[in-house]
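Read through the structure below, which is laid out as structure tokens, and then see the notes.
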Amino acid sequence: MNKLSGYVGKTPLIPIEFGGYTVWGKCEFMNPGGSVKDRMATYIINDAEKRNLIKKGDTLCEATSGNTGIAFAMLAAERGYNMNIIMPSNMSEERKQMLNFYGANLIEVEPGDFDGAIEMRDSLCEEKGWFNCNQFHNPLNIEAHYNNTGIEIWEQLKNVCTPDAFILGTGTGGTLMGC
Numbered sequence: 004m005n006k007l008s009g010y011v012g013k014t015p016l017i018p019i020e021f022g023g024y025t026v027w028g029k030c031e032f033m034n035p036g037g038s039v040k041d042r043m044a045t046y047i048i049n050d051a052e053k054r055n056l057i058k059k060g061d062t063l064c065e066a067t068s069g070n071t072g073i074a075f076a077m078l079a080a081e082r083g084y085n086m087n088i089i090m091p092s093n094m095s096e097e098r099k100q101m102l103n104f105y106g107a108n109l110i111e112v113e114p115g116d117f118d119g120a121i122e123m124r125d126s127l128c129e130e131k132g133w134f135n136c137n138q139f140h141n142p143l144n145i146e147a148h149y150n151n152t153g154i155e156i157w158e159q160l161k162n163v164c165t166p167d168a169f170i171l172g173t174g175t176g177g178t179l180m181g182c
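Converting from the sequence shown to the numbering used here requires adding 3 to each position, the first position being numbered 1.
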């Protein structure tokens, strides 16, 4: 595998023991962009390429607080797309540095104005003909986890235990709904 996106997924599931209980932790930090968002972004970009919605040199755009933007910026750099990321200005400098590292154009809105970032993304995509990754309303966000992450977890646990609960943080809710 020569591309970073070839290393998305197939992350280990590790046991964490405490008080006679085992919690299984999915090591999504081992994805090349550092989060579970790599799965969704790869799935959306692969689908757009397959359906000829985007081609090398095109411009993509997403509103994000960080991890999704990093994933899309990584893929854009890998595949020759221009990437515009719109985020509130109070997001961490480390996230902004990662976006810069991957060559994304960062457009900042007022601190905490995530709705404004989404509105700006939609307006710019409409006006300029950019591909709108649209993590919040794209059904592929859920489908990515339904067809990959959930199956992967099930396969890793099927001969070990039957899970009693599934716990995760949520942003868009795509991972939760898909799994």
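Built from N, CA and C at the ideal position, the CB exists for glycine as well.
{"Asked": "Assign valine 26 to one of two classes, buried (16 or more other C-beta atoms within 10 Å of its C-beta) or exposed (fewer than that).", "Found": "exposed"}
{"Asked": "Does the Cβ-Cβ distance between alanine 120 and isoleucine 89 come in under 7 angstroms?", "Found": "yes"}
{"Asked": "Pull the bridge partners of leucine 56 from the DSSP assignment, please.", "Found": "DSSP output for leucine 56 lists no bridge partner at all."}
{"Asked": "Take the Cβ of alanine 168 as the centre, count every other Cβ of all protein chains shown within 10 Å, and call the residue buried at 16 or more, exposed below.", "Found": "exposed"}
{"Asked": "Please identify the residue among Gly153, Asp41, Met180 and Phe75 whose C-alpha is closest to the C-alpha of asparagine 135.", "Found": "Phe75"}
{"Asked": "Rounded C-beta distance between leucine 63 and tyrosine 84? I'm assuming under 8 angstroms.", "Found": "5 angstroms"}
{"Asked": "Sort Glu111, Gly12 and Leu179 by Cα distance to asparagine 87 and report the nearest one.", "Found": "Glu111"}
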